[in-house]
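S.K.:
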Amino acid sequence: MSRYNFREIESEWQGIWNDRGSFVASEDFKQSKYYVLEMFPYPSGRIHMGHLRCYTLGDVVARYKRAQGYNVLHPMGWDAFGLPAENAAMEKKVHPAEWTYDNISTMRVQLQAMGLSIDWKREIATCDPEYYQHEQAMFLDFMDHDLVYRKKGWVNWDPVDQTVLANEQVIDGKGWRSGAVIERRQLSQWFCRITNFSHELLLSLEDLQRWPNKVRIMQENWIGLSEGAYIDFKFSNDKLKSPLRVFTTRPDTIFGASFCALAPDHPISEQLSNTNSDLKAFIEECRKLGTSEEAIQTAEKKGIDTGLRVYHPFSDEELPVYIANFVLMGYGTGAIFGCPAHDQRDLEFARAYGLPVRPVVVPQNTNPKEFCIQEEAFVEDGILANSEFLNGLNVPEAKKTIIQKLIGSENGESTINYRLRDWLISRQRYWGCPIPIIHCNNCGIVQVPRDDLPVTLPTDIDFTAPGNPLERHLEWKSVPCPSCEQPAERDTDTFDTFMDSSWYFARFCSPSSSNPVDAKQAEYWLPVDQYIGGIEHAILHLLYSRFFMRAMLKSGHINIKEPFQGLFTQGMVNHATYKDVNGDWVEPQNILVDEGGKVVRADTGSSVEVGRVEKMSKSKKNTVDPTDVIESYGADTARWFILSDSPPDRDMEWTNSGVQGAFRFINRVARLVSDCQSSLPKPNLPPNEKFSEEENKLRQITHKTIAGVTEDYERFHFNRSVARLYELTNAISAYEIEESDVKHSWVKREALETLILLLNPMTPHLAEEMWKQLGHKVLLVDTRWPTADRSLAIDDVITIAIQVNGKLRGKLDIKAGTKEIKVQEAARDVTNVSSTISDRPIKKVVFVKDKLVNFVV
RNA sequence: GCGGGCGUGGCGGAAUUGGUAGACGCGCGGGAUUCAAAAUCCCGUUCUGGUAACAGAGUGAGAGUUCGAUUCUCUCCGCCCGCACCA
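Using our numbering, read the first sequence as starting at 4 and increasing by one per residue.
And the structure:
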């Protein structure tokens, strides 16, 4: 018997599916659609295990839904702009475009070798002007609808690389590439007005029932709603006319106020610093501290008295105004009132600067005169005291009352504040989508006329100097102003690459439309029914995409709010780590277990210490290349292994023995089919009229497996499907018949065909090949999902558990549905049961139909 | 500090609404086949005692509810993730 030749078989079927266009989505809008999407990859050069896992999961869903008769859209593209291309350009002297497109070609081949059911006709790359021209047009549309704007903002500036860095690129206050200490700089930048939708983005999370709870909670916290009030404090000094507005969630504690504090970046702080060098020095100090998270954590509460005084809104008391390092300009109004008794930070600050600590909320049944604040502020609910008209109220009541008072006296109002900030989208980078704006000395900010789009990147660029090459490219940069025709300059920034990935799923619906999206197509396909990707995008990408849909709706591009109906976040792929005697990491391929069971290096034979199982990473050298696995064992083996054992949302451990186990299974199924091929009846024959008991047993397992696997597929429990399919395979192997017994073989064929149909989404090449070997002319890819015969999926003989005092003492095989009295009688006769009960009186009998009997003695 | 999650054999993990804990796989042990090996097949495999039938213990620890708890409630311990001077 020849061995299952996965190399030939897999590439053969990939060719056939491709030639027949098996996975091209139909444009027949009358069919029910199903849009499956995995987060598109960054073309780094090679696919990794994370890709293998993600795209396998998505492919199982896509093939399963296709078999169920849905019109499935399952596209693929490339998140092709980004920094690594520029780094490659600097290090290897390759043009970013060339590097990117080379990587795309390599990775496309690698993905295709996995046998994914992708509609490659819809492939897009975000670095293609064909794609990003629409992004530029939408940016201008957003601008017209006041959804983007330009403002001065504080950014992380790397003085060596001369560029802005994202927060996550700043590690311990230093640039991730240059290692230079990051400065905070104010630059004019473009922002998306995502905060326009704060409330809407928060509320709609309710509707995303098919998202993981965890992700919804993370977004909820990120948007960070807090209810409170603005309170206005009038200055007692005459210099400043308009009052100081602060935000607070505890307006009820206003009578405990002992100071006000401004953020170092607050306009008043800046104004004062112009004439006061002490203040100026303090503000500078705060700014340096600003970038390192560690520094923020350990920093003491520090402040400086501005000399300004404000009146308490309900008494004539004067409060000092400080500039304090712990007040943030980006939250609320950038100014607070300090109530040391009921806020830990304010307390620390008050202790440092000798400010009064006045409790105004005391625990229930406590005498206010005896209540004293020591090292910890009292932040719980309690009863108001020392607060005039608020005395005796609890905290929620006091909040309501004081807000009414504030409104009445025009000293404030109730408000809702969000943590979410507007999205800074300018990047001082070359390899990104150019911002279609021209800066003119006469006309200011001018849009590039739509007819002149796309603004494409220049190809002749110089990467020898640090900074943004677009900035230095005078020829590209200089253009006449579209409005006054005087010499002007292009915006030399490019978009954050999160812009590119915020709408690609919509472009897939009509990848060659002359508009960003074809409304009809988009409304048929969207929202994405099942989106799959890593948890690391829980906030940014998913929130930006949700914003983008709303912005596209507002600017008339689309009629969809939520892009992703269902979301699944897959776990990481981990691997054991190995360290040799020198303390160097060793690659898994270089590991051997010798005869004595000792783990050694394959090359030197020296002993190796097996370390923790950790996320695959280059630095720890514990990576395994999926392409190597596919070449040695085949795509089906790789897919089957990745789906076995671990639930898809949890981290999984990649092991060689696991891969070999999967390989064994693939070969076992192939053998099972080829061994009995000749003895099976022809396909599509009607069933026997009567089945023997043995036949019925196998049929029962077959139909139970259909029901179980279908349910598991719906719930992403692929590891359970794998277990069930092993069980079915074991049952088929154990079902022994005479070679010539064609009648009995009908049941065997039914079982085998079921196995293959159910395996199809997971190991499509094997399944397709076996289907053909069983004599089918119609391809498996065009064959419908089986339905379970419910009457067969139910057992007629059931094993009932017999307990005495809740402890299992025996089992009883009995017909399903047997009445309690009969079961009891039979149960009493079971040897261990009768001896355990002996002559003790039975107090009570618990009976659960078809499950158990419990005698309480 | 705040928010969320997870603790089950040697390992990954199963276990509908509370109802036979350990499915399935890996590993390990034994056997068959083979001149031998690989591959394959069969049997066993939670722990303790016992040749066995069987008995006792057992789902991080402790308590509670219940005829019955991996599942529900409370307290504690450990690990993981997210956010973090957010007023």
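Beta carbons are placed, not taken as given, at the ideal position from N, Cα and C, and that holds for glycine.
Looking at the structure shown, is threonine 418 part of a helix, part of a strand, or coil, going by DSSP?
M.R.: Locating residue 418 in the first sequence gives position 415, where the first residue counts as 1. In the structure shown, threonine 418 sits in a strand (DSSP, three-state: E or B).
S.K.: Give me the Cα-Cα distance between glutamate 692 and proline 44, rounded to the nearest whole angstrom.
M.R.: Position 689 of the first sequence holds residue 692. Position 41 of the first sequence holds residue 44. About 54 Å.
S.K.: Which residues in the same chain as arginine 10 place their Cβ atom closer than 6 Å to its Cβ, once the five residues preceding and following it in sequence are excluded?
M.R.: Against the first sequence, residue 10 aligns to sequence position 7. Nothing listed; no residue qualifies.
S.K.: Do lysine 814 and alanine 804 have their C-beta atoms closer together than 9 Å?
M.R.: Residue numbering aside, residue 814 sits at position 811 when the first sequence is read from its first letter. Residue numbering aside, residue 804 sits at position 801 when the first sequence is read from its first letter. Cβ atoms of lysine 814 and alanine 804: closer than 9 Å.
S.K.: Which residues in the same chain as leucine 646 place their Cβ atom closer than 6 Å to its Cβ, once the five residues preceding and following it in sequence are excluded?
M.R.: To locate residue 646, count along the first sequence from 1; it is residue 643. So the list reads Phe721, Val725 and Met765, once near-sequence residues are dropped.
S.K.: Could you say which of Phe668, Leu322, His578 and Leu40 lies nearest to leucine 265 if we only look at CA atoms?
M.R.: Within the first sequence, residue 265 is the residue found at index 262, counting from 1. For the residues Phe668, Leu322, His578 and Leu40, the minimum Cα distance to leucine 265 belongs to Leu322.
S.K.: Please name the residue, chosen from Glu223, Gly586 and Phe258, that lies closest to valine 613 on a Cα-to-Cα basis.
M.R.: In the first sequence, counting from the first residue as 1, residue 613 sits at position 610. For valine 613, the nearest C-alpha among the options comes from Gly586.
S.K.: Put methionine 871 into one of helix, strand or coil per three-state DSSP.
M.R.: This structure cannot settle anything about residue 871, because the visible part of the chain is limited to 4 through 860.
S.K.: So which of Pro651, Pro686, Ala754 and Lys751 has the shortest CA-CA distance to glutamate 717?
M.R.: Counting from 1 along the first sequence, the entry for residue 717 is found at position 714. Ranking Pro651, Pro686, Ala754 and Lys751 by Cα distance to glutamate 717 puts Pro651 first.
S.K.: Could you tell me whether the stretch 550-566 touches the stretch 83-94, using the rule of 3 or more Cβ pairs below 8 Å?
M.R.: The stretch 550-566 vs the stretch 83-94: no contact.
S.K.: Tyrosine 507 and threonine 129 look like a contact to me (Cβ under 8 Å); what is the Cβ gap, rounded to whole Å?
M.R.: The residue labelled residue 507 in the question sits at position 504 within the first sequence. The residue labelled residue 129 in the question sits at position 126 within the first sequence. Confirmed, about 7 Å.
S.K.: Output the distance between the C-alpha atoms of tyrosine 134 and proline 684, rounded to the nearest integer angstrom.
M.R.: Here the question's residue 134 lines up with position 131 in the first sequence. Here the question's residue 684 lines up with position 681 in the first sequence. Going by the C-alpha atoms only, they are around 54 Å apart.
S.K.: Excluding sequence positions up to five away, which residues of its chain have a Cβ less than 7 Å from the Cβ of arginine 23?
M.R.: Along the first sequence, read from residue 1 onward, the residue named residue 23 stands at position 20. Result list for arginine 23: empty, nothing under 7 Å.
S.K.: Taking the straight line between their C-alpha atoms, what separation do you get for glycine 310 and glycine 337?
M.R.: Here residue 310 corresponds to residue number 307 of the first sequence, with the count starting at 1. Here residue 337 corresponds to residue number 334 of the first sequence, with the count starting at 1. Going from the Cα of glycine 310 to the Cα of glycine 337 covers about 18 Å.
S.K.: Can you give, in chain order, each stretch of the beta strand (DSSP E) that sits fully within the stretch 514-559 and has at least 3 residues?
M.R.: Runs of the beta strand (DSSP E) inside the stretch 514-559: 533-537.
S.K.: In the structure shown, what three-state DSSP assignment does glutamine 489 receive?
M.R.: Translated into positions along the first sequence, residue 489 becomes position 486. Note: glutamine 489 maps to coil in three-state DSSP.
S.K.: Give the DSSP-derived three-state secondary structure of isoleucine 840 in the structure shown.
M.R.: Stepping through the first sequence from its first residue, residue 840 is reached at position 837. It is helical.
S.K.: With distance defined between alpha-carbon atoms, name the residue in Val662, Pro99, Gly637 and Asp308 nearest to phenylalanine 262.
M.R.: The residue given as residue 262 occupies position 259 in the first sequence. Nearest of Val662, Pro99, Gly637 and Asp308 to phenylalanine 262, Cα basis: Asp308.
S.K.: Per DSSP, which one or two residues make a beta bridge with histidine 269?
M.R.: Within the first sequence, numbered from 1, the residue matching residue 269 stands at position 266. None, per the DSSP bridge assignment.
S.K.: What are the boundary residues of the alpha helix (DSSP H) that includes serine 229?
M.R.: Within the first sequence, residue 229 is the residue found at index 226, counting from 1. Segment 228-236 is the beta strand (DSSP E) holding serine 229; no alpha helix (DSSP H) there.
S.K.: Provide the residue(s) that pair with asparagine 687 in DSSP beta bridges, ordered along the chain.
M.R.: Walking along the first sequence from the start, residue 687 turns up at place 684. Looking at the DSSP assignment, asparagine 687 forms no beta bridge with any residue, so it has no partner.
S.K.: Just to confirm my understanding: we take aspartate 853, look at its own chain, exclude 5 residues before and 5 after, and list those with CB closer than 6 Å. What are they?
M.R.: One-based indexing of the first sequence puts residue 853 at position 850. The residues are Ile801 and Ala819.
S.K.: Go ahead and pull the three-state DSSP assignment for methionine 93.
M.R.: Mapped onto the first sequence, residue 93 falls at position 90. Of the three classes helix, strand and coil, the one that applies to methionine 93 here is helix, per DSSP.
S.K.: With a cut-off of 8 Å on the beta carbons, I'd call glycine 385 and valine 360 a contact; round off their distance for me.
M.R.: As a working mapping, residue 385 is identified with position 382 in the first sequence. As a working mapping, residue 360 is identified with position 357 in the first sequence. In fact, because the Cβ distance is near 16 Å, the residues do not count as touching under 8 Å.
S.K.: Mind reading off the beta-carbon distance from cysteine 375 to threonine 256? Whole number of angstroms is fine, and I expect it under 8 Å.
M.R.: Here residue 375 is taken as the residue at index 372 of the first sequence, counted from 1. Here residue 256 is taken as the residue at index 253 of the first sequence, counted from 1. So it is not a contact: roughly 16 Å between Cβ atoms.
S.K.: Any heavy atom of the ligand COA closer than 8 Å to the CB of isoleucine 542?
M.R.: Annotation note on the ligand COA: not contained in the displayed structure, which lists no ligands.
S.K.: Hey, which unbroken runs of the beta strand (DSSP E) at 3 residues or more fall wholly within the stretch 283-365?
M.R.: Segments of the beta strand (DSSP E) lying fully in the stretch 283-365: 306-314, 321-327 and 338-341.
S.K.: Can you tell me whether threonine 294 is buried or exposed, with buried defined as 16 or more other CB within 10 angstroms of its CB?
M.R.: The residue given as residue 294 occupies position 291 in the first sequence. Here threonine 294 scores only 48 on pLDDT, less than 50, and its place in the model should not be relied on; the value that follows carries that caveat. It is buried - the Cβ of threonine 294 has at least 16 other Cβ atoms within 10 Å.
S.K.: Grab the span of the beta strand (DSSP E) containing tryptophan 643 for me, first residue to last.
M.R.: Locating residue 643 in the first sequence gives position 640, where the first residue counts as 1. Premise fails: tryptophan 643 lies in the alpha helix (DSSP H), 638-646, not in any beta strand (DSSP E).
S.K.: Identify the continuous alpha helix (DSSP H) that holds lysine 402 and give its terminal residues.
M.R.: Here residue 402 refers to the residue found at position 399 of the first sequence. It spans 398-411 - the alpha helix (DSSP H) in which lysine 402 sits, taken as one unbroken run.
S.K.: If you run the structure through DSSP and keep just helix, strand and coil, what is threonine 462?
M.R.: Taking the first sequence and counting its residues from 1, the one referred to as residue 462 is at position 459. Reduced to three states, the DSSP call for threonine 462 is coil.
S.K.: How long is the line joining the alpha carbons of methionine 619 and lysine 582, rounded to whole angstroms?
M.R.: Numbered from its first residue, the first sequence carries residue 619 at position 616. Numbered from its first residue, the first sequence carries residue 582 at position 579. For methionine 619 and lysine 582, the distance between alpha carbons rounds to 15 Å.
S.K.: In terms of residues, what are the limits of the alpha helix (DSSP H) holding tryptophan 16?
M.R.: Here residue 16 is taken as the residue at index 13 of the first sequence, counted from 1. From DSSP, the alpha helix (DSSP H) with tryptophan 16 extends over 9-23.
S.K.: Counting Cβ pairs closer than 8 Å, one from the stretch 315-332 and one from the stretch 266-277, do we hit at least three?
M.R.: The stretch 315-332 vs the stretch 266-277: in contact.
S.K.: Just the Cα atoms here: how many angstroms apart are glutamate 297 and glutamate 391?
M.R.: Mapped onto the first sequence, residue 297 falls at position 294. Mapped onto the first sequence, residue 391 falls at position 388. Bear in mind that a pLDDT of 45 at glutamate 297, under 50, signals an unreliable position, so the model cannot answer this.
S.K.: Taking contact to mean at least 3 C-beta pairs separated by less than 8 Å, is the stretch 147-165 in contact with the stretch 194-201?
M.R.: Counting Cβ pairs under 8 Å, three or more are found: they touch.
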